DNA sequence: CGGCCTGATGTGACCGGTAACATAGACCGA
DNA sequence: TCGGTCTATGTTACCGGTCACATCAGGCCG
């Protein structure tokens, strides 16, 4: 039971296939009665036009491709949703290749699949550097409008969209400093992610600027998840001079850490202030509600799709790279408190000790 | 700068286009040296075969379509990931249409887009009934292998994959009953979702079977989210005879409810036992860790894709519908406690009162 | 040594649309 | 009345692959 074609419809309606094509595409200059005959034939044959044939002859696929890190990461899932919505609003279809952890070779496979399908634009949301020196990607970027999301990858002519991670890290740390904290630890994401490094840089910036006995205390993790946060917090609790505040680079790291703290009888925010990054929905119903930085993930995706679709055509393509950076505003909730006297003294004592040692 | 075609490669390698095709498809009966010449030409021209043209002539698209409810729902996001993985393992590409809340008309649009793209199979993961009487869908289901996920939609010849929600609801309630609870409320998802109704049925089954002064107390919500859970819990706290346990039909509803309880000074599990449904990752780091039912969402998606791909071809198609039901096992954590004496008396007193009234 | 088989390669049609151009009336003004 | 313009429709080629079949050169066998 094969699908009817445009010629089957034409035969049934006793017109030429071209007239059918005109009806389908809402072309004017078709007599109402002819149009009606054709429409009926289409309905009776359950004709559905073939996007495949249409793409081949018109060389337009109306399809965008997005290669992303595993969408089980909240950030990327939202970015995909945003890109999808923006694409669809403009009549485009988004096909997605989500790279699962451990299957990083799929990056190339996906990219290739998308090029074979003749996508008209590319969004690359892969933070790691593996793809960077790939000639397949480089070639694609010169032919197609390409936007790189949340990544360092350098591609001539490709625009970048990202969160201002450095500033975010800076503001998170400043917020803790403003509450009197001096011993501030950070739990980072994987340091081969540009976002993790940038947030760490922001953290360092803030501490450096504060001077005054502050000192970086960095606890890196291999992923952004709960488990890692939990273990990182346990390592921090075991250190000689325990911090009074922790800046976790993701909400999941923060929530994992908080569960470890709870298990050890350390209260948040009384004994330990905590700040996250992301603003995932559950952050606000946690106990205490998590102070964090909201990442506008959906907007990142939307902006990426818009840039791809509005890129100038062919010869008019720019060779310059533009960076679009979105702010991640601080959302103050209940997980940060002013440092307690005791801890203050503790910190002060520690500072003196350190000063003496130098 | 347009893409090279198979004929360009042929010209450059001084062979016929058919030979190039043979090389691309790894066909044997090509001399090693010819193969080498062709391969070099492919590389030099940066030739990438066109899946569009290939699909048109071979009438195989190697594409599956999945129409789902908004993937911001954890269940559907995981199901998509599972289906994607299963499809890809078999050399298929999954294209996704995610219906956002409020844009339910898109169902048809997406379905149509997928049919136009000549998908070779369909996964319909749309719980609401809107699509049910759609002739487009019905027609598609007779032509293509189709699987319906987490939905009541009746389609001749389409298999169904779902969670055993009724049993899940039953077991959740039984678990609470086993801890001595008698006044057990349930916070449901939207009751036009089959899963919500089935869980509610399971809850009722368990109460009915327990008899003995139990009585349903149903608090329905319009979505599955935190906010709704929060407000539902507030309504429950305001009722005259406050329940001692709540079965929330999703983890988000449960977490939202717990945040409301906390705000009202009601401790979980001491004053109120709580059980969820889903087992989202953060459930285990909550305070207390949430007892819940784990939905094997990934497996649902994988199974759906497998069924689509392994469906018998054409004439051998079954007209019967098979239902595949996956268990949602109980995950015991810390949010359910044995009922306290005081509440026990309370419940007993209430039971007597009710008996008297009858 | 001719016939036949086999492996390597080439030829032309075809998949189902779109694009460009052709054609045939109808209408219209000079 | 006639050429020109406009509208409705038809004709043909083409997009870039695959498919079925044709061709051709060796090798083997009787």
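Chains as they are written, first to last, in the working numbering: chain A, 5 to 362; chain B, 5 to 362. All C-beta atoms, glycine included, are put in the ideal place defined by N, C-alpha and C. Keep in mind that this is a model prediction, so the values were computed, not measured.
Beta-carbon proximity check, residue i vs residue j, cutoff 9 Å
i, j, result
"residue 273 (chain A)", "residue 247 (chain A)", "no"
"residue 221 (chain B)", "residue 188 (chain B)", "yes"
"residue 233 (chain B)", "residue 203 (chain B)", "no"
"residue 198 (chain B)", "residue 227 (chain B)", "no"
"residue 338 (chain A)", "residue 295 (chain A)", "yes"
"residue 301 (chain A)", "residue 80 (chain A)", "yes"
"residue 235 (chain A)", "residue 264 (chain A)", "yes"
"residue 96 (chain B)", "residue 330 (chain B)", "no"
"residue 365 (chain A)", "residue 112 (chain B)", "For chain A, the structure presents residues 5 to 362; residue 365 (chain A) sits outside this window and is missing."
"residue 82 (chain A)", "residue 98 (chain A)", "no"
"residue 279 (chain B)", "residue 181 (chain B)", "no"
Residue i at chain B interface by Cβ criterion, 9 Å
i, result
"residue 65 (chain A)", "yes"
"residue 100 (chain A)", "yes"
"residue 282 (chain A)", "no"
"residue 300 (chain A)", "no"
"residue 44 (chain A)", "no"
"residue 111 (chain A)", "no"
"residue 256 (chain A)", "yes"
"residue 226 (chain A)", "no"
Minimum C-alpha distance to residue i - residue among the options
i, options, result
"residue 108 (chain B)", "B:59, B:73 and B:220", "B:73"
"residue 167 (chain A)", "A:239, A:200, A:138 and A:158", "A:200"
"residue 92 (chain B)", "A:158, A:10, A:77 and A:117", "A:117"
"residue 176 (chain B)", "B:281, B:315, B:100 and B:124", "B:281"
"residue 245 (chain A)", "A:219, A:86, A:52 and A:139", "A:219"
"residue 46 (chain B)", "B:62, B:155 and B:21", "B:21"
"residue 52 (chain B)", "A:143, A:179 and A:35", "A:143"
"residue 50 (chain A)", "A:12, A:130 and A:271", "A:12"
"residue 77 (chain B)", "B:119, B:152 and B:283", "B:283"
"residue 105 (chain B)", "B:119, B:130, B:94 and B:126", "B:130"
"residue 66 (chain B)", "B:231, B:151, B:94 and B:19", "B:94"
Residues that residue i contacts on chain A, provided the C-beta gap is smaller than 8 Å
i, result
"residue 238 (chain B)", "Ordered by position in chain A, no residue passes the 8 Å Cβ test against residue 238 (chain B), which lies about 13 Å from the chain."
"residue 50 (chain B)", "143"
"residue 259 (chain B)", "286 and 289"
Beta-carbon neighbours of residue i, restricted to chain B and to distances below 9 Å
i, result
"residue 153 (chain A)", "Ordered by position in chain B, no residue passes the 9 Å Cβ test against residue 153 (chain A), which lies about 18 Å from the chain."
"residue 85 (chain A)", "74, 75, 76, 102 and 104"
Straight-line gap, residue i to residue j (C-alpha atoms, nearest Å)
i, j, result
"residue 69 (chain A)", "residue 308 (chain A)", "11 Å"
"residue 256 (chain A)", "residue 190 (chain A)", "14 Å"
"residue 211 (chain A)", "residue 333 (chain A)", "19 Å"
"residue 114 (chain A)", "residue 103 (chain A)", "8 Å"
"residue 319 (chain A)", "residue 163 (chain A)", "Confidence in residue 319 (chain A) is poor, its pLDDT being 48 and thus under 50, which makes the residue's placement unreliable; the coordinate value appears in the next sentence. Rounded to whole angstroms, residue 319 (chain A) to residue 163 (chain A) spans 17 Å at the Cα level."
"residue 122 (chain B)", "residue 299 (chain B)", "32 Å"
"residue 229 (chain B)", "residue 251 (chain B)", "15 Å"
"residue 158 (chain A)", "residue 132 (chain A)", "12 Å"
"residue 185 (chain B)", "residue 208 (chain B)", "14 Å"
"residue 56 (chain B)", "residue 9 (chain A)", "17 Å"
"residue 16 (chain A)", "residue 42 (chain A)", "8 Å"
"residue 24 (chain B)", "residue 124 (chain B)", "27 Å"
"residue 75 (chain B)", "residue 336 (chain B)", "27 Å"
"residue 266 (chain A)", "residue 90 (chain B)", "39 Å"
"residue 304 (chain B)", "residue 324 (chain B)", "20 Å"
"residue 243 (chain A)", "residue 178 (chain A)", "23 Å"
"residue 169 (chain A)", "residue 213 (chain A)", "18 Å"
"residue 262 (chain A)", "residue 192 (chain B)", "29 Å"
Amino acids of chain A, ordered along the chain, whose beta-carbon sits closer than 7 Å to that of residue i
i, result
"residue 285 (chain B)", "230"
Proximity test, residue i beta-carbon vs the ligand ATP heavy atom, cut-off 8 Å
i, result
"residue 213 (chain B)", "As presented, the structure is devoid of all ligands, the ligand ATP included, so that no description of it is given."
CB contact below 9 Å: residue i versus chain A
i, result
"residue 306 (chain B)", "no"
"residue 162 (chain B)", "no"
"residue 90 (chain B)", "no"
"residue 53 (chain B)", "yes"
"residue 276 (chain B)", "no"
"residue 288 (chain B)", "yes"
"residue 70 (chain B)", "no"
"residue 263 (chain B)", "yes"
"residue 147 (chain B)", "yes"
"residue 234 (chain B)", "yes"
Partner residues on chain B for residue i, Cβ-Cβ distance less than 8 Å
i, result
"residue 56 (chain A)", "56, 59, 60, 65, 121 and 122"
Under 7 Å by beta carbon: chain B residues contacting residue i
i, result
"residue 266 (chain A)", "291"
"residue 97 (chain A)", "117"
Cross-chain neighbours of residue i in chain A, by beta carbon under 9 Å
i, result
"residue 81 (chain B)", "75, 76 and 81"
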